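Novice: So the protein lines, in turn, are chains A and B. Heads up, the first sequence is in numbering that gives the first Met the number 0, so the first residue is 0 and it goes up one at a time. Heads up, the second sequence is in numbering that gives the first Met the number 0, so the first residue is 0 and it goes up one at a time. First, the structure itself, so that you have it in front of you.
There are 2 protein chains.
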Amino acid sequence: MPRAIELMKSAYRDLSAGNVDSPLRTVLVNDNGTVLYKPAYSDDAGIFCVKVVSVFPANVEKGLPVTPGIIVVNSAETGMPLAILEAGYLTSLRTGAATGIATEVLAPQESKAGALFGTGGQARHQLEAMLCARPFEKIYIFSRKPEKAIQFCEDNAELAGSLGNCELVANPDRAVLKECDVITTVTTSPVAVFGDDEISDTVHINAIGSLGKDRTEVSAETLLRSEVIVDQRAACLVEAGEICLMRDAGLIGEDYHPMEIGAIIAGDSILTDRTKPTVFKSVGNAAQDLVCSAEIYRHTEANNLGVDAEL
Amino acid sequence: MPRAIELMKSAYRDLSAGNVDSPLRTVLVNDNGTVLYKPAYSDDAGIFCVKVVSVFPANVEKGLPVTPGIIVVNSAETGMPLAILEAGYLTSLRTGAATGIATEVLAPQESKAGALFGTGGQARHQLEAMLCARPFEKIYIFSRKPEKAIQFCEDNAELAGSLGNCELVANPDRAVLKECDVITTVTTSPVAVFGDDEISDTVHINAIGSLGKDRTEVSAETLLRSEVIVDQRAACLVEAGEICLMRDAGLIGEDYHPMEIGAIIAGDSILTDRTKPTVFKSVGNAAQDLVCSAEIYRHTEANNLGVDAEL
């Protein structure tokens with residue numbers, strides 16, 4: 000995770016600087032689901048890659064992953080196919096690392112208390128990234144199903160203990176949100192998972208879940224009084240419910256122009272007002288998959304891991 | 000090949016009927032070459048597929064394929080990745096099969112003499128397709144390098160003999176072109192490989208090679224007096240040099256509207272005037288890859304072929 004966070008730093012910097020070629024994804028649809036193709040290239044990464052990821056909701060009843068995916072890696076020198084990577088772990092890791100770098104760059108230095116909403120498949124990497132970024136003493140775990148929060152705390156107590164001696168607390172009284180320095184949301188909720196009156200004025204929020212332009216994990220009240228920072232402006236303006244729903248409601252104009260995290264990392268944008276909340280909104284970008292795929296491929300090659308396949 | 004030709008019939012019919020979802024390919028470029036991503040889906044095929052094909056000209060000096068490629072197959076029911084196929088053989092086969100179906104549909108029934116221009120990697124499948132479509136007695140082989148034509152005839156004499164007792168003749172006098180019922184061009188030539196005065200008035204031409212809008216294998220004179228039939232109108236109007244160069248020269252207008260082979264197969268378009276040459280121009284389409292991938296995947300599964308790989 001520390002290495003993945005480093006990689007996200009360069010991915011976001013390159014993305015904001017226009018050094019990553021990540022064209023619009025292509026989408027194929029049938030009655031059962033959707034397959035998305037997300038290609039990307041950068042000189043820095045030194046590979047071409049495409050993530051082929053499916054979204055088939057009924058898979059859950061078949062005991063199959065709802066979003067199975069692979070990544071195809073091609074050589075930057077010869078175009079030859081180099082590797083096929085399973086994409087589920089990588090996506091979860093890089094999405095965690097996005098929270099990691101955002102927390103490193105945006106959260107109060109002395110963050111002691113954190114909250115995590117959501118205990119699904121990507122929650123563990125979100126937790127790990129938070130722990131890598133700040134010396135949390137307590138992280139509060141919220142889930143719609145209280146027993147899932149308890150299970151999550153059990154499963155991850157060792158991780159939290161080893162990464163900075165942090166205690167995980169399941170299903171606390173919601174009053175604790177006021178003392179949280181960082182809140183990460185990784186849910187599928189269509190509406191805000193906390194009220195604007197529940198949080199402190201200096202909290203940093205990572206809004207990572209709820210894909211789609213009609214879903215938001217953060218209320219308009221919070222967003223309007225916060226500094227909103229995005230992974231990629233062009234994508235978030237059309238894909239992030241947090242922004243689209245506010246625009247649809249007439250709360251923001253067509254000229255809404257949030258900062259990009261890459262520009263902050265590069266020093267091209269500077270956060271001056273630290274007296275209001277910050278919200279990092281990520282919809283995910285192929286640039287993140289690209290840097291992680293390059294690293295995993297090189298590591299695999301260098302250590303003779305992986306399985307050779309003859310075509 | 001007979002089965003591949005059958006598959007092309009349904010692929011082209013579905014393509015013209017709008018039953019194939021094959022969005023514009025995505026292209027990534029660096030200083031060394033290009034990687035193209037071509038996704039496709041149809042209910043009939045019962046799979047999703049994407050061809051990832053690279054074009055790296057300097058590979059020839061490295062002893063590597065210039066256009067290495069793979070195809071990723073995903074399930075139509077669950078979206079799960081099912082298979083990775085090598086794309087070179089499949090591309091050559093389906094491109095041959097395109098010539099096969101076009102020759103079946105458009106060439107004179109009693110075709111006895113044929114010509115093949117080009118002896119590169121795809122030439123054998125072109126020859127095989129011609130032999131499957133008509134009872135040729137002689138096929139004349141032309142190459143810029145005469146020794147390559149001789150070698151090609153040697154290598155393929157058995158194939159030609161077994162598929163209809165056809166004789167292959169290398170580097171004949173060009174006067175034989177006048178008697179040819181079918182001419183297939185599969186070269187990389189930037190300009191027409193035969194003059195309009197060299198061919199008969201009832202010849203059928205398959206123009207399969209010379210990718211790019213500034214290259215043509217057939218002269219404007221021939222094209223203007225022929226019935227031109229394309230694999231996909233939208234693609235050929237922007238990608239086929241045969242058409243683009245004529246438009247650039249003002250020889251045809253923006254309203255140029257060639258027939259699609261799929262519409263002829265379906266009976267929606269009918270060729271009435273059989274007294275002039277026909278030219279089938281193909282730039283290749285993901286629909287072709289889709290039907291072949293589906294067939295190869297099913298055959299592989301049914302016969303326990305292929306290699307299993309754990310991700």
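Just so it is clear, CB atoms sit at the ideal spot from N, CA and C, and this is done for glycine as well. Model, not experiment: these values are computed from the prediction.
Whole-angstrom Cβ separation of GLY208(A) and THR186(A), contact assumed at under 8 Å?
Specialist: Position 209 of the first sequence, counting from 1, holds the residue named residue 208(A). Position 187 of the first sequence, counting from 1, holds the residue named residue 186(A). Indeed, because the Cβ distance is near 5 Å, the residues count as touching under 8 Å.
Novice: From the beta carbon of LEU32(B), is the nearest beta carbon of chain A less than 9 Å away?
Specialist: Along the second sequence, one-based indexing puts residue 32(B) at 33. Per the sequence shown, the amino acid found at residue 32(B) is Gly instead of Leu. Closer than 9 Å to some Cβ of chain A, the Cβ of GLY32(B) qualifies, so yes.
Novice: Along the chain, which unbroken stretches of the alpha helix (DSSP H) at least 4 residues long are found entirely within the stretch 8-81 of chain B?
Specialist: Segments of the alpha helix (DSSP H) lying fully in the stretch 8-81 of chain B: there are none.
Novice: Rounded to a whole number of angstroms, what is the C-alpha to C-alpha distance between GLY95(A) and LEU89(A)?
Specialist: The sequence position of residue 95(A) within the first sequence is 96, counting from 1. The sequence position of residue 89(A) within the first sequence is 90, counting from 1. Their Cα atoms are separated by approximately 10 Å.
Novice: Report the CB separation of GLN287(A) from ALA16(A) in whole angstroms; it is logged as a contact under 8 Å.
Specialist: Locating residue 287(A) in the first sequence gives position 288, counting from the first residue. Locating residue 16(A) in the first sequence gives position 17, counting from the first residue. No, GLN287(A) and ALA16(A) are not in contact; Cβ-Cβ is about 15 Å, not under 8 Å.
Novice: Please determine whether the Cβ atom of SER292(B) lies at a distance below 8 Å from any heavy atom of the ligand ZN.
Specialist: Looking at this structure, you won't find the ligand ZN or any other ligand, since it has none at all.
Novice: What are the complete alpha helix (DSSP H) segments, minimum 4 residues, inside the stretch 154-207 of chain B?
Specialist: Taking only runs of at least 4 residues, no alpha helix (DSSP H) segment lies wholly in the stretch 154-207 of chain B.
Novice: Specify, as a first and last residue, the run of the beta strand (DSSP E) that LEU115(B) falls within.
Specialist: Taking the second sequence and counting its residues from 1, one reaches residue 115(B) at position 116. First-last of the beta strand (DSSP E) with LEU115(B): 112-116.
Novice: What are the residues that DSSP puts in a beta bridge with THR277(B)?
Specialist: Working through the second sequence from its first residue, we reach residue 277(B) at position 278. Answer by DSSP bridge pairing, in chain order: HIS203(B), GLU226(B).
Novice: Give, in chain order, every residue of the stretch 73-85 of chain B whose Cβ lies closer than 7 Å to some Cβ of chain A.
Specialist: So the close ones are ASN73, ALA75, GLU76, THR77, GLY78, MET79, PRO80, ILE83, GLU85.
Novice: What residues match up with LYS137(A) in a beta bridge as DSSP calls it?
Specialist: Here residue 137(A) refers to the residue found at position 138 when the first sequence is read from its first residue. In DSSP, LYS137(A) forms a bridge with ALA112(A), GLU166(A).
Novice: Taking the continuous alpha helix (DSSP H) assigned at TYR255(B), which residues delimit it?
Specialist: The count along the second sequence starts at 1 and reaches residue 255(B) at position 256. First-last for TYR255(B): undefined, no H or E at that position.
Novice: Using 10 angstroms around the beta-carbon of ARG133(A), count the other beta-carbons present and answer buried if the total reaches 16, otherwise exposed.
Specialist: Sequence index remark: in the first sequence, residue 133(A) carries index 134 (1-based). So ARG133(A) ends up on the buried side.
Novice: Just tell me which of ALA44(A), ALA128(A), ALA156(A), HIS256(A) has its CA closest to the CA of SER21(A).
Specialist: For the purposes of this step, residue 21(A) is taken as residue 22 along the first sequence, with counting starting at 1. Cα-wise, what sits closest to SER21(A) is ALA44(A).
Novice: Is ILE4(A) helix, strand or coil when you go by DSSP?
Specialist: For the purposes of this step, residue 4(A) is taken as the residue at position 5 of the first sequence. Helix at ILE4(A).
Novice: Within this structure, are the beta carbons of PHE55(B) and THR25(B) separated by less than 9 Å?
Specialist: Taking the first residue of the second sequence as 1, we reach residue 55(B) at position 56. Taking the first residue of the second sequence as 1, we reach residue 25(B) at position 26. The answer is no: Cβ separation not under 9 Å.
Novice: Return yes when the Cβ of THR274(B) is within less than 9 Å of the Cβ of THR221(B), no when it is not.
Specialist: Looking up residue 221(B) in the second sequence gives position 222. Looking up residue 274(B) in the second sequence gives position 275. For THR221(B) and THR274(B), no; Cβs fall outside 9 Å.
Novice: Return no unless some Cβ of chain B is closer than 9 Å to the Cβ of THR187(A).
Specialist: Stepping through the first sequence from its first residue, residue 187(A) is reached at position 188. No - not a single Cβ of chain B is within 9 Å of the one on THR187(A).
Novice: Starting from ASP288(B) and walking both ways along the alpha helix (DSSP H), at which residues does that stretch end?
Specialist: Start at 1 with the first residue of the second sequence, and residue 288(B) comes out as number 289. ASP288(B) -> alpha helix (DSSP H) spans 285-301.
Novice: Helix, strand or coil for LEU210(A), going by three-state DSSP, please let me know.
Specialist: The residue you call residue 210(A) lines up with position 211 of the first sequence. Reduced to three states, the DSSP call for LEU210(A) is coil.
Novice: For CYS71(B), would you say it is in contact with chain A, using Cβ-to-Cβ distances shorter than 9 Å as the test?
Specialist: Your numbering for residue 71(B) matches position 72 in the second sequence. First, the residue type needs correcting, since residue 71(B) is Val and not Cys in the sequence shown. By this cut-off, VAL71(B) is an interface position.
Novice: Nearest chain B C-beta to ASN284(A) closer than 9 Å, yes or no?
Specialist: On the first sequence, position 285 is the one that residue 284(A) refers to. Taking Cβ atoms only, chain B never reaches closer than 9 Å to ASN284(A), which makes this a no.
Novice: So, under 8 Å CB-CB, ILE260(B) and ALA101(B) are touching, yes? Tell me the CB distance rounded to an integer number of Å.
Specialist: Here residue 260(B) corresponds to residue number 261 of the second sequence, with the count starting at 1. Here residue 101(B) corresponds to residue number 102 of the second sequence, with the count starting at 1. About 6 Å separates the two Cβ atoms, so the contact holds.
Novice: If you drop the 5 nearest sequence neighbours on each side, which residues of the same chain put their C-beta closer than 8 Å to that of LEU14(B)?
Specialist: On the second sequence, residue 14(B) is found 15 positions in, with the first residue counted as 1. The answer, listed in chain order, is SER21, ASP230, GLN231, GLU259, GLY261, ASN284, ALA286.
Novice: Verify whether the separation of the beta carbon atoms of ILE18(A) and ILE46(A) is less than 9 Å.
Specialist: Stepping through the first sequence from its first residue, residue 18(A) is reached at position 19. Stepping through the first sequence from its first residue, residue 46(A) is reached at position 47. A quick correction: the sequence has Asn, not Ile, at residue 18(A). It is not a contact, given that the beta carbons lie outside the stated cut-off.
Novice: Compare the Cα-Cα distances from ALA75(A) to each of SER225(B), LEU27(B), LEU81(B) and report the closest residue.
Specialist: Counting from 1 along the first sequence, the entry for residue 75(A) is found at position 76. When only C-alpha atoms are compared, the closest one is LEU27(B).
Novice: Which residues share a DSSP beta bridge with ALA128(A)?
Specialist: As a working note, residue 128(A) is residue 129 in the first sequence. The partner list for ALA128(A) (beta bridge, DSSP) is empty, contrary to what the question assumes.
Novice: On the three-state DSSP scale, how would you describe LEU304(A)?
Specialist: Within the first sequence, numbered from 1, the residue matching residue 304(A) stands at position 305. Three-state DSSP puts LEU304(A) in coil, outside helix and strand.
Novice: Please classify ALA239(A): does DSSP put it in a helix, a strand, or coil?
Specialist: Counting from 1 along the first sequence, the entry for residue 239(A) is found at position 240. Three-state DSSP puts ALA239(A) in a strand.
Novice: Please report the residue range of the alpha helix (DSSP H) in which ILE100(A) lies.
Specialist: As a position in the first sequence, residue 100(A) is number 101, starting the count at 1. Start and end: 86-105.
Novice: For GLU109(B), which of ARG2(B), GLU241(B), ASP180(B), GLY160(B) has the nearest alpha-carbon?
Specialist: Working through the second sequence from its first residue, we reach residue 109(B) at position 110. Among ARG2(B), GLU241(B), ASP180(B), GLY160(B), the Cα nearest to that of GLU109(B) is on ASP180(B).
Novice: How long is the line joining the alpha carbons of THR277(B) and GLU226(B), rounded to whole angstroms?
Specialist: Translated into the one-based positions of the second sequence, residue 277(B) becomes position 278. Translated into the one-based positions of the second sequence, residue 226(B) becomes position 227. Their Cα atoms are separated by approximately 5 Å.
Novice: Taking just the CA atoms, how far does GLU216(A) sit from LYS111(A)?
Specialist: In the first sequence, the residue the question calls residue 111(A) occupies position 112. In the first sequence, the residue the question calls residue 216(A) occupies position 217. Near 23 Å, if we compare the C-alpha coordinates of GLU216(A) and LYS111(A).
Novice: Starting from TYR40(B), find everything on chain A with Cβ-Cβ shorter than 9 Å and list it in chain order.
Specialist: Within the second sequence, the letter at position 41 stands for residue 40(B). Ordered by position in chain A, the residues that pass the 9 Å Cβ test against TYR40(B) are LEU27, VAL28, ASN29, VAL34.
Novice: Please state whether DSSP places ILE83(B) in a helix, a strand or coil.
Specialist: Here the question's residue 83(B) lines up with position 84 in the second sequence. Residue state, collapsed to three classes: strand.
Novice: Can you find the residues in the same chain that come closer than 6 Å, C-beta to C-beta, to ALA169(B), ignoring five residues on each side of it along the sequence?
Specialist: Locating residue 169(B) in the second sequence gives position 170, where the first residue counts as 1. These residues qualify, in order along the chain: ILE140, ALA148, ILE149, CYS152.
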